[in-house]
Each structure stands twice: as structure tokens, then as C-alpha cells.
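Chains as they are written, first to last, in my numbering: chain C, 149 to 462; chain W, 862 to 1487. Glycine included, every Cβ here is placed at the ideal spot set by N, Cα and C.
And the structure:
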């Protein structure tokens, strides 16, 4: 093994200079955020209110300090989000002085779009995917930051940091640009756009460790608490507005928390005692099931996440 | 495939020196202090690479129960004898699963008590050189899969193993490990393993890879992947995971002269002007004298600003914002380096030579212009010359005017604005660039800078100094029949005037020590004889090592001045007639064959064209032709 350190002093200096994995990830993410702001005309950050968005938002604060975040946040509101999420969104973005755009597919919502009526696939298509694409087009955004991580799901393992979308906002796994070193290609023709994923190399555990280390606020639904729950199709479903009980179902009080946040009808809770960040992390490293397991939408068919991505969903 | 570390304190991390944390808070602290190691895996479709990665993830408890259950109930299972098909854990996209091969780089994550790992899982099929280069570009370690069973049958390393090792060396991966897989199929034989190790060691020596190890494994059975093998007691080295947990991380970027490419100028208000960027090499300190490139204006670092407070120093690869003492002109795409250290400056040049991996269906061609993105700077780069193309299986250098997808070549570029760079060997961050098509915006190539090209050594100068009187035209456009016709018409054109020349006029030197017309035609006879040799030999062999000839010496040694003038002229006419006849029937496919001469590779096409240009040069000097 070769080493460039000639003296013990130098070796110590090098050791001191080496970053740990969270610092390395942070430096990489900040660089991605800055690069995109430097190169794109109108970037926007997709803000889902979840833990990954919270980390991404903090990284954006760091990237442009002492300035303010130089792009707006966009929340695609399906109208089925938990009330705690909306409250957190409004308070937190006000507190940090970020500009927030909320977009809803009002037409579909007024027509009564719901997972019960349409099935999860069609409901997601209308209230999330369609709504997102419309919002990006209306805003004229050429780049959208997303909090997706490659470790979330198999089809995301091949996702680029800069994910190219054609004029219709579609993702084609075969036409993605090769990405080498930390050199990202931001060149676009009119109508094309890039989804930028600054958290690509973060794992779920990295996100939780960072939330803990940085004392970043998150939606209280992530912490275990006694809550009213209905067991439906094996999933623990929160009692939410407009929910109708099927025959045989009953509301129970259970100590649960959310592992990832989505729409109330389609995101299951998990039984847990973890009500602090360290206890969540402890639970995470002993718990052996993947974080999207509680998402009804991912299990529609084998490879369903890939299908959604092709259509333009994250 | 998440990070799940899972109870790793007790279950994994058998690496030397692991001390189990006593409390959960201590575990958290130790976990947050972990280093990150990136590695890439290269293997061909049948080498068992996906199985190896699946095994690594499974045995480090990085696979979730629901994911494992999904694999177990999958309709597809390519593993025999009731084994779980671990490759299904990593085969991502639906299309690939159906084809049974991976077609794009996939990133996987796991960690143990010692380190956090990022795997760039790159497909090894022949046409996917670009994928391996992509995965290798950020890797600290390359794992080269070698199929022990295939080696036993072939008796030599397969071409793909040589190719993968070459790409690892080209992309500057600091550590290379050969995982000799399928040891179970060769009876866990030490002899088989040693034979592979000898060949691999020799290959690494040839490529200049200093840090390499070879580990015998069976991914299917789990031998020496995470746990030590009970089947190979003769092997005393680390398991693959132990190696990954303990190999020292590269230091090249943390030492050496500081490089700070400016990414963004931050001006939140009238009182603050900061330069944001990621330290690409070395360490930047508050109070340092720094110089801006390309302006060469100097200043002092006033503050290193971050959200978490000012820093006294920032090192590779930290992202920070720098405030300077003076209002100097500095913007995105420019660079801060150490002042007062001429010898530590990067090259500042708009001409450089680079190794290029081509990644697009439309080939790279001489004369084409691309966007080049280097650090935070994007310029236009024109291909001036292709020095050679590398045959990735034999590692031979071949002449070429284009580079097709998945080919590798050394290319000379000229940019419209200067770049500030180091050689890739010295610094990956400031020695690398990507090439972007100016029309469709595709990322078409990746380049690793070899060196700056100075004017003296530029392609045109080199060609002139050695033999050239002309720039070669595109080989594809050369027609031997047309060239033969040109030669015949030149001879026919000047012959009447030469035959009319008196013996005295032909024998008179224009100045002391200069050739007479007769001696000049003697020299042109020598040129014809020497080029006749080259043109004949190059049709019979793709590469030629042949000495040049001392022009003055040849003219002296043959005493052309003592011959009758008309004999010299007749000899010249006959030699050129025969040369034209020879050229007329040259097979166009042989025009790319090369003569290695004084460090240059001259193609047969160039030699023929240059012979005619050389002849015309002398005829013009004698006022025989316009």
C-alpha cells in the first residue's frame, strides 16, 4: 500500500482532514444544489414535507448561506395529506423564510378523485403525477430538486443525480445521460427539464442520523403516539377525513408512527414505541423491512415504481 | 437495499479492531464518525457478479425481510440446487430482469460497523465499456470478477478480465482486487487460484497498478465473501469484506496543491461577496494568499464561511464559501489556487491531450467541436488529432480517425478558452472532463487529461519536424487510384523541361554546400526507394518499425554527382512509374496501417499523400511547378 504521507505530522493532518460519511454526503449534496442553481434558469424544489424533504431543505439553507434559498418550494397537495403535514409545512416554511407554492389538481379534486373510486394507480396519476407536471409547466421550471434516494427502491438504484425528462416530463431509462465524477450535464432544449436529486447517495439511516445530528424539525407523525387506527388489508390505516369503515372494521387506539409520509388513505402506520430520534434510529437498525413496504402504491404490480417513473412520477 | 447496518455491531464487522459499542448513544457517535468507501464491481454476464453483490448484501444483513421474501417467491430463479438466487436482489429494471442481464450502472448501499459502502454495480458485457467507466470514475476500489472455472477451461485470463483491469487503471482507481469466483467449481484448488493470481499480477504490473490483491471466493456458497471459507484453509488473506473494511482510503486528493473551482458567486446583500465551491484538492486556510485563474490577481482569504460557522481551514471535498480581502474579478468557472507557488500551479492551456472513453452511437471525429465541462467551467473543445486508439483486449495502440461507442483513444483537443487543469493521474477532480454534443446535448464522452500540449509539441509542429509537408486528409476520403494518377501526371508534367536541361545546368550547385539539380533528383530517387519499401511493407503488416534515412548521407554515399544526368533522370522516372503502379493497387483497408517513426504513428495513407507533397515541394523549389 502506498501512502503520500511522508511524516507522522502530515499523516495526522490528513487524518484530521478526512471527512466522515455524513460530512462527505453533505458536501456532495451542497455542491449539487449550487451547481444546479448556477446552471439552470428556473429551478424549484419539490417539497413533500417528509423527512427527506426536511434534510434537503436544510442542505439548501447551508448551500446558499448567508443568503436565502434562491428558489421557491413546490408542494403538490393531493388533498389527502395528513392535517399535521399541512400545519408543519405552513409553519416551517414561514419560519425559515422560504417561498412556497402549493399546487392542487382542483378539477380532479372537485370531481371527487379518490383512491377508493379510482384505485391507487389512477388516483396517483391524477392528483400527483398530472398535478406535478402541470405545476412545473405553469411555473416554467427547467429543473426540479427532488428528495428521492437510490436506496429506496430497486428501480431508483439506476437513477442519475441529474435525471433527464423529455418535453412531456417523461423518464426513459434507456436515454439517461452517463454521469461521471461530479460533472453533471445541465444542457437542455426548450421544454426539456431535469429532476435533480441531491440526496441520491443518502440511505434511510443517513437521513435519520443527519436529522438527529442537525436537530432538524420533522412532522410529529414520525414519532410514536397513541392514535386511532383501522386495520385494513393488513395495513394500519389512520382514521382520516372522509374515511368510511367497511363491514367488520373497527377503530382501535394503537401506539404507532409513520415511517414515510404520503396520503392518509394509502400510507400505513407501524406499531412502535419509538418517540425520539435515537429510539427511531435504534428501531430502524433492528427492524428488517423496507421503508416503502407500507406504501400501497408500490405493490400494485411487480416493478410498479418503474412504471410510475416512466410516467413522470418520482 | 438500504443501509441497514442492522445490528452490525454484533453480527458483522469481524474486521480487526472492532470494539462493540456499549451504549446506543456510543453506537450512534461511532456510526456518525464512519468513513465512506466507494467501490465498483466489474465482471461479465456469467462471472457471477450479481450473485456476489447479492451475497455481500445478504451476509452483511443489509437485505430486508420483505425484499428477500420477494426474491424467494419470484418466478425467475437462475440459481441451481435450491440456492436462493441472490442476483435477483440487484437486477433492477424489469427489462433487464427479463433479459437476465443488467444494462446500466446501479448504485447500492450498505454498511458495517466499520465503514459505509457505496457500490457502483456496472454491467460487464462487451458493449458497455462506458458503464464501467462511469462506475469507476468515483470508485476508491475496483473489484474485478474472474471466473475460476472459465479460466481453467481457457488456460488464460479472458479478454474481458483484461479489459476490466485496463479500465480500472485508466480511470485511476487507487486499489484493485481480483475476486476469483466459482472456486467451488474447481474443487477449491489452490493450484487453480495460484495460476490465476500469477496472470493477474503480471497484467497489473504491465498496467502499472501498484496496489492489487487477489482473493479466492465462491459467491454462490459464500466462501471468503463475508465469512472466511472452511473449504480453503490454504488461503490466509482477508475475506472480500475484510479487505473493503480495512483498505486505506486514497490520499491523493487530500494532499497536494490546493484547487478551488468557483461554482457560484454569492451576493445576498451589498456587504457580502462570497465565492462558493467544493475544494477539489488540498486544503484552503483563512489567511492564505491565493491567486485567481486566469486573471492571476492575488488576494488573501478573509473568511471561510459556512452555515455552521466560520472555519479555519477547509479540505477536499468540503463545500464552503470563501470571502476575500480584496475586490478582485472572479466568477464561476474560474479557480482559486495558492499564490507564491509557481511550481504548484495547474496547467493553464487551451491545448491538451486526453484519454477519451466514447459513449455515443455517433463517433468522435477529427475536426468536430463539442462542449467540454471541466470542474465548473464549460468551453468548446475541437478535436485536433487522434493520437491512437486502444484495443482494450490486447492493449495495442492502433491508428484511427474516429472513435466509436465504447472505444478508448488518446485525443488532442483545442479549446476556445483556456482550462486550468492537472493531469488526471495527479488529481481526478481537476484532470477530468465530460464532452457534450452541441446539437442534441447528450453526454457523448469522458476524458482524462494526460498533459498540456505546448506549441512546440503540437500536432502540426510534430508533423513538420519529422516528415510532413501537408496535413493528412481523412483516410476515408483517400483514393489510391487518384493518388497514382496525380503522381503520374506530375512526372509527365515536368519531364520535358528536365530532359531539355543541359548536363552543366543539372550539375551546378546553386550555392556552396547546396544540392545541384542532379543531386536533388538523386535525393528524390532515394525518397522513392524508401517510400516504395514503406508502401509495400505496410500493405503486408498493420504495424511497421523501420528506420528513416539520412537524406544528406544517402546522396553522398551514392555519389549521384558522378553519374550522367540522364541516367539519374531515367532512374527517377522509372522509380516513380513503378511507385505509381504500386499505389494504384493498394487495398484501401490497409491505408490505416501505421509506421512507428520517432514517436509518431504515420498511416499508409498519410505516407502516400506526403510522398507526393514532398515531391511537389522540391519541384516548386526548382521552379518546375507552380
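{"Query": "Please confirm if residue 212(C) has its CB atom under 8 angstroms from at least one CB of chain W.", "Result": "yes"}
{"Query": "Looking only at its chain, what residues have a beta carbon closer than 7 angstroms to the beta carbon of residue 912(W), apart from the 5 residues adjacent to it on each side?", "Result": "947, 948, 1080, 1081"}
{"Query": "Within 8 angstroms, do at least three Cβ pairs link the region 1449 to 1459 of chain W to the region 1395 to 1412 of chain W?", "Result": "yes"}
{"Query": "Could you give the distance in angstroms between the alpha-carbon of residue 888(W) and the alpha-carbon of residue 1201(W)?", "Result": "46 angstroms"}
{"Query": "Output the distance between the C-alpha atoms of residue 1231(W) and residue 333(C), rounded to the nearest integer angstrom.", "Result": "13 angstroms"}
{"Query": "For residue 271(C), which of helix, strand or coil comes out of DSSP?", "Result": "helix"}
{"Query": "In this structure, how does DSSP classify residue 978(W) when only helix, strand and coil are distinguished?", "Result": "strand"}
{"Query": "Would you decide whether residue 930(W) is buried or exposed? Buried here means 16 or more other CB atoms lie within 10 Å of its CB.", "Result": "exposed"}
{"Query": "Verify the CB distance criterion: does residue 160(C) have a CB-CB separation below 8 angstroms to chain W?", "Result": "Confidence at residue 160(C) is low in this model, with a pLDDT of 48, below 50, so its placement is unreliable and no value can be given for it."}
{"Query": "Could you check whether the region 993 to 1011 of chain W touches the region 294 to 305 of chain C, counting it as contact only if at least three pairs of C-beta atoms, one from each stretch, sit closer than 8 angstroms?", "Result": "no"}
{"Query": "Rounded to whole angstroms, what is the Cα-Cα separation between residue 339(C) and residue 345(C)?", "Result": "20 angstroms"}
{"Query": "At a Cβ cut of 7 angstroms, what residues of the region 322 to 344 of chain C count as close to chain W, listed as they run along the chain?", "Result": "325, 326, 327, 328, 329, 331, 333, 335, 336, 337"}
{"Query": "If we require 3 or more residues per run, which beta strand (DSSP E) segments fall completely within the region 1116 to 1189 of chain W?", "Result": "1120 to 1122, 1125 to 1130, 1133 to 1139, 1144 to 1146, 1150 to 1154, 1159 to 1166, 1174 to 1176, 1180 to 1185"}
{"Query": "With distances taken between CB atoms, is the gap from residue 1093(W) to residue 1049(W) smaller than 8 angstroms?", "Result": "yes"}
{"Query": "Residue 1136(W) CB to nearest chain C CB: under 8 angstroms?", "Result": "no"}
{"Query": "Between the alpha carbons of residue 174(C) and residue 1136(W), how many angstroms are there, rounded?", "Result": "18 angstroms"}
{"Query": "In angstroms, rounded to a whole number, what distance separates the CA positions of residue 1425(W) and residue 1384(W)?", "Result": "15 angstroms"}
{"Query": "Can you list, in chain order, the residues of the region 889 to 909 of chain W whose Cβ is nearer than 8 angstroms to any Cβ on chain D?", "Result": "Of the protein chains in the structure, C and W, none is chain D."}
{"Query": "Tell me the rounded alpha-carbon separation between residue 223(C) and residue 395(C).", "Result": "35 angstroms"}
{"Query": "For residue 901(W), write down the residues that DSSP places opposite it in a beta bridge.", "Result": "981(W), 1003(W)"}
{"Query": "DSSP state of residue 1484(W), grouped into three classes?", "Result": "coil"}
{"Query": "Throw me the rounded Cβ distance for the residue 1039(W) and residue 1075(W) pair, which I believe falls under 8 angstroms.", "Result": "4 angstroms"}
{"Query": "Taking the C-alpha atoms as reference points, what is the distance between residue 1078(W) and residue 966(W)?", "Result": "23 angstroms"}
{"Query": "For residue 898(W) versus residue 1102(W), is the C-beta distance shorter than 8 angstroms?", "Result": "no"}
{"Query": "Grab me the residues of residue 243(C)'s own chain with a C-beta within less than 7 angstroms of its C-beta, minus the 5 sequence neighbours each way, in chain order.", "Result": "none"}
{"Query": "Examine the Cβ distances between the region 1212 to 1228 of chain W and the region 1266 to 1283 of chain W and report whether three or more of them are shorter than 8 angstroms.", "Result": "yes"}
{"Query": "Excluding the 5 residues flanking residue 1342(W) on each side, which residues of the same chain have their C-beta closer than 6 angstroms to its C-beta?", "Result": "1445"}
{"Query": "Looking at chain W, which residues of the region 170 to 192 of chain C have a Cβ within less than 8 angstroms of any of its Cβ atoms?", "Result": "170, 171, 172, 173, 174, 175, 176, 178, 179, 182, 183, 185, 186"}
{"Query": "Reducing DSSP to helix, strand and coil, say where residue 1393(W) ends up.", "Result": "helix"}
{"Query": "Can you find a C-beta in chain C that's less than 8 angstroms from the C-beta of residue 995(W)?", "Result": "yes"}
{"Query": "Express the C-alpha separation of residue 329(C) and residue 1330(W) in angstroms, rounding to a whole number.", "Result": "Interpretation of residue 1330(W) is limited by its pLDDT of 40, a score under 50 that renders its predicted location unreliable; the figure taken from the coordinates is listed afterwards. Cα-Cα distance, rounded: 41 angstroms."}
{"Query": "Residues in its own chain within less than 7 angstroms of residue 1209(W) by CB, not counting five upstream and five downstream?", "Result": "1154, 1155, 1279, 1281"}
{"Query": "I want to see whether chain W comes within less than 8 angstroms of residue 241(C), judged by CB atoms only; does it?", "Result": "no"}
{"Query": "Nearest-angstrom Cα distance between residue 197(C) and residue 1260(W)?", "Result": "57 angstroms"}
{"Query": "Just checking: is the beta-carbon of residue 426(C) within a distance shorter than 8 angstroms of some beta-carbon in chain W?", "Result": "yes"}
{"Query": "Could you tell me which chain C residues have their CB closer than 7 angstroms to the CB of residue 1220(W), listed as they occur along the chain?", "Result": "326"}
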